[in-house]
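>
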Amino acid sequence: MFPVSGHQERPPGQDKVPEGHSGAANPLCFTESWLNPVVPSHTIQPAEFFAVQRMERTADSGKSRGGAVCVMVNNSWYNNANVVTLARSCSPNLELLARKFRPFYLPREFTSVIVNTLYIPSQANKDTALYELHEALTVSSTTLGHCTYDW
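Count along the sequence shown from 1, then add 3; that gives the number in the working numbering.
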């Protein structure tokens, strides 16, 4: 889960991921989950060292059962204070949760990792879903770079 760029030479000894960091991320992304507001996050954690990042399904989704999307990430990989929600969407056509994590270790070419969890229901209007996804990601990319784009 650690992208490494081969475009830049590194000083000796900095070309390897430190021991203990290479597989520590373990993000688990769930769509069409069973979660709802009465299910506490601690009851679904696979272990105490995983944090649950979840988005509840809203009335806008048009669904009465089930939950929305959820991401679980290993706490040893990042500081929970450095998690930013870039985009959230819950509609009949799209469920999206985009989170930016700032891990304890990344190669210097990268400042953060973005985890997107996306669900498009089978009965959704695909064109509308893609439009909503484009809008959500456009907003998150302009927020991420603190600038505006003229599309």
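Here a beta-carbon is modelled for each residue, glycine too, at the ideal position from N, C-alpha and C.
(1) Name the residue from Cys32, Glu51, Val76, Ala139 whose alpha carbon lies nearest to the alpha carbon of Pro106.
(2) Could you check what DSSP says for Ser115 in three-state terms: helix, strand or coil?
(3) For Ala139, count the other beta carbons within 10 Å of its own beta carbon; 16 or more makes it buried, fewer makes it exposed. Which is it?
(4) Can you have a look at Val41 and say buried or exposed, based on whether 16 or more other CB atoms are within 10 angstroms of its CB?
(5) Can you give the beta carbon distance from Val118 to Val74, rounded, assuming they're within the 8 Å contact cut?
(6) For Ala132, which residues in the same chain have their Cβ closer than 6 Å to its Cβ, ignoring the five residues on either side in sequence?
(7) Rounded to whole angstroms, what is the Cα-Cα separation between Leu136 and Asn83?
(8) Please state the DSSP three-state secondary structure of Asn29.
(9) If you draw a straight line from the alpha carbon of Leu99 to that of Thr46, how long is it in whole angstroms?
(10) Go to Thr88, then tell me how far its beta strand (DSSP E) extends in each direction, as first and last residue.
(11) If you follow the beta strand (DSSP E) that Leu100 is in, where does it begin and where does it stop?
(12) Candidates Tyr134, Glu35, Trp80: which alpha carbon is nearest Phe53's?
(13) When DSSP builds the beta bridges, which residues end up paired with Gln56?
Answer, in terms of the structure:
(1) Among Cys32, Glu51, Val76, Ala139, the Cα nearest to that of Pro106 belongs to Val76.
(2) In this structure, Ser115 counts as coil in the three-state DSSP scheme.
(3) buried
(4) In this structure Val41 is exposed. Its beta-carbon is surrounded by fewer than 16 other beta-carbon atoms within 10 angstroms.
(5) 6 Å
(6) Around Ala132: Asn96, Leu97, Ile123.
(7) The straight-line gap from Cα to Cα measures roughly 26 Å.
(8) coil
(9) Approximately 23 Å between the Cα atoms of the pair.
(10) 87-93
(11) Its beta strand (DSSP E) spans residues 98-104.
(12) Closest by C-alpha distance to Phe53, out of Tyr134, Glu35, Trp80, is Trp80.
(13) Val74
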